[in-house]
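So for the sequence shown, UniProt numbering puts the first residue at 1; every next one is plus one.
From the three backbone atoms N, C-alpha and C, an ideal C-beta is built for every residue, glycine too.
In this text, all values refer to a predicted model and were calculated from it rather than measured experimentally.
Presented below is the structure to which this report refers.
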Amino acid sequence: MAEENKKKAADDMPDWSDYRGVMIVVEQRAGKAASVSLQLLGEGRKLADKLETELMALVIGHDVRHLAEEMIYYGADKVYVSDAPELKDYRTRPYSRVCLQVLRDVKPEIVLQGATATGRDLAGAIATHLPTGLTADCTILDVEPHPSRLLLASRPAFSEKMLATILCKQYRPQMATTRAGVFEALPRDTTRTGEVITVENTMKEEEIAAKVLRFIEETERFNLEDAEIIVAGGRGLGGPEPFKMLQDLADALGGVVGASRAAVDAGWIEHKHQVGQTGYTVRPKLYIAVGISGAVQHLVGMQNSDLIVAINRDPDAPIFKTANYGIVGDLFQIIPALTAAVKEKRV
Ligand code: FAD
Numbered sequence: 001m002a003e004e005n006k007k008k009a010a011d012d013m014p015d016w017s018d019y020r021g022v023m024i025v026v027e028q029r030a031g032k033a034a035s036v037s038l039q040l041l042g043e044g045r046k047l048a049d050k051l052e053t054e055l056m057a058l059v060i061g062h063d064v065r066h067l068a069e070e071m072i073y074y075g076a077d078k079v080y081v082s083d084a085p086e087l088k089d090y091r092t093r094p095y096s097r098v099c100l101q102v103l104r105d106v107k108p109e110i111v112l113q114g115a116t117a118t119g120r121d122l123a124g125a126i127a128t129h130l131p132t133g134l135t136a137d138c139t140i141l142d143v144e145p146h147p148s149r150l151l152l153a154s155r156p157a158f159s160e161k162m163l164a165t166i167l168c169k170q171y172r173p174q175m176a177t178t179r180a181g182v183f184e185a186l187p188r189d190t191t192r193t194g195e196v197i198t199v200e201n202t203m204k205e206e207e208i209a210a211k212v213l214r215f216i217e218e219t220e221r222f223n224l225e226d227a228e229i230i231v232a233g234g235r236g237l238g239g240p241e242p243f244k245m246l247q248d249l250a251d252a253l254g255g256v257v258g259a260s261r262a263a264v265d266a267g268w269i270e271h272k273h274q275v276g277q278t279g280y281t282v283r284p285k286l287y288i289a290v291g292i293s294g295a296v297q298h299l300v301g302m303q304n305s306d307l308i309v310a311i312n313r314d315p316d317a318p319i320f321k322t323a324n325y326g327i328v329g330d331l332f333q334i335i336p337a338l339t340a341a342v343k344e345k346r347v
């Protein structure tokens, strides 16, 4: 029956046989690829292998040619590079012009981008112009094999209470943006080889209305998504003050502070620290959950961390089911002792 349904899905669709391959639109800043793009190459590799097709990457910017090789090391078979002074900083029109030109020429069946501020803007512009469908903010991707070759793009829906799987049967390419930290990048393999194709930028500076006058660097550079160590606090902290204690531990470990939604909703810490379904999805090497019970909406944001340590005074707290190591006790005793031990070891 399932086979029959798949065949029917394929029969209902137009003939898309001239669209083949999976393409990742790479996000870069100052010549460094965003981690979400590397994670997408890892996931895109799986999808391309399942469809028995090639994985392509599109790199746009100025002085970014070196990224082509990097994208191959992270899984791409073929990399399209558009490198021009007009493309130095992200602007919707010149970037979408390059994307549209490549997508119309190459005809990939699937196009994926990070659901970052840039990715959301660019993906929306491209999908509108092609035109095709776009599933934003996906957390799970899969494909149905030949003959339908449909992208199964899943994302939280209905106030994040359900997971909806969205298909794009009537248009190509099938487009999706995905959250950072959800997928895993492949190990960088410098023995991999691939093809690099140059794409000319056809848009002149005088045609571009938006001008970048200057960049104002943030004084505090805080990046939860890329942190290797996160010390996260929840309602168990009881107020904003104890977050200073967590910051001390995070500083001693060389990490950053995260939080549960309960702590954020209480106004104890800013939303940019929130981990979970309505916060950031993280994948650090070490995640220390302090005074966090382990609600499913929190777990979806951190369960892929390499090592999880939970500190909670309730031995039955659900977080212990997900943690690799658990410490049952009062966080107000454990955290200072842990910080002192880490500092002592450092000296
Ligand atoms: P609690 O569940 O209250 O847990 C506090 C824990 O602290 C308890 O286990 C307690 O035993 C422990 N504790 C208390 N005192 C101490 C002490 N002195 N020492 C040690 N341990 C102590 N939540 C998120 O985190 N992120 C999200 O993105 C998110 N999105 C959501 C989206 C939706 C649509 C909904 C409905 C909910 C969402 N939530 C999210 C909320 C989630 O369901 C939980 O309410 C929330 O995660 C609970 O936060 P908490 O674990 O800090 O608090």
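How would you label residue i, buried or exposed, when you count the other beta carbons within 10 angstroms and need 16 or more for buried?
i, result
"MET23", "buried"
"PHE183", "buried"
"LEU246", "buried"
"SER17", "exposed"
"PHE320", "buried"
"ALA337", "exposed"
How long is the line joining the alpha carbons of residue i and residue j, rounded to whole angstroms?
i, j, result
"THR281", "ARG188", "22 Å"
"MET1", "ASP12", "Below a pLDDT of 50, predicted positions are generally treated as unreliable, and MET1, at 48, falls in that range; no measurement from the model is reported."
"GLY75", "ALA68", "11 Å"
"GLN174", "VAL196", "23 Å"
"GLY301", "GLY279", "7 Å"
"VAL26", "LYS88", "14 Å"
"GLY44", "GLY133", "18 Å"
"THR28", "VAL59", "The displayed chain sequence assigns Gln, not Thr, to residue 28. Rounded to whole angstroms, GLN28 to VAL59 spans 8 Å at the Cα level."
"THR190", "LEU167", "35 Å"
"GLU120", "SER96", "Note that residue 120 corresponds to Arg in the displayed sequence, not to Glu. Approximately 12 Å between the Cα atoms of the pair."
"LYS285", "LEU141", "23 Å"
"ALA57", "LYS204", "24 Å"
"GLN101", "LEU150", "23 Å"
"ARG20", "THR165", "22 Å"
"LEU249", "PRO240", "15 Å"
Identify, in the order they occur along the chain, each residue of the same chain with its Cβ nearer than 8 Å to the Cβ of residue i, setting aside the five sequence neighbours on each side.
i, result
"PRO145", "LYS50, LEU51"
"ARG192", "ILE72, TYR73, GLY75"
"residue 363", "Past the edges of the chain, shown from 1 to 347, lies residue 363, and the structure says nothing about it."
Are the C-beta atoms of residue i and some chain B residue less than 8 Å apart?
i, result
"ALA263", "Absent here is chain B; the protein component of the structure consists of one chain."
Give me, in chain order, the residues of the same chain whose beta-carbon lies closer than 6 Å to that of residue i; leave out the 5 immediate sequence neighbours on both sides.
i, result
"TYR90", "THR118"
"VAL347", "Confidence at VAL347 is low in this model, with a pLDDT of 47, below 50, so the placement of that residue is unreliable and no value is reported for it."
"ILE311", "VAL290, ILE327, LEU331, ILE334"
"GLY181", "GLU225, THR281, VAL282, ARG283"
"TYR171", "THR132, GLY133"
Enumerate in chain order the residues of its own chain whose CB-to-CB distance from residue i is below 7 Å, with the five nearest sequence positions on each side excluded.
i, result
"PHE243", "GLY233, LEU237, VAL257, TRP268, ILE269"
"GLY194", "ILE72, ALA76, ASP77, LYS78, VAL79"
"THR198", "VAL81"
"ASP226", "SER35"
"GLN274", "ALA259, ARG261, VAL264, TYR280"
"SER37", "ILE24, VAL26, GLU27, GLY114"
Tell me the DSSP bridge mates of residue i?
i, result
"VAL81", "VAL59, THR198"
"LEU141", "ALA153"
"TYR287", "ILE230, ILE308"
"GLN174", "ILE110"
"THR165", "SER154"
Return the Cβ separation of residue i and residue j in integer angstroms, given the expectation that the two are a contact with Cβ distance under 8 Å.
i, j, result
"VAL342", "ASN324", "Not a contact, Cβ separation roughly 18 Å."
"GLN39", "ALA185", "5 Å"
"LEU112", "ALA176", "6 Å"
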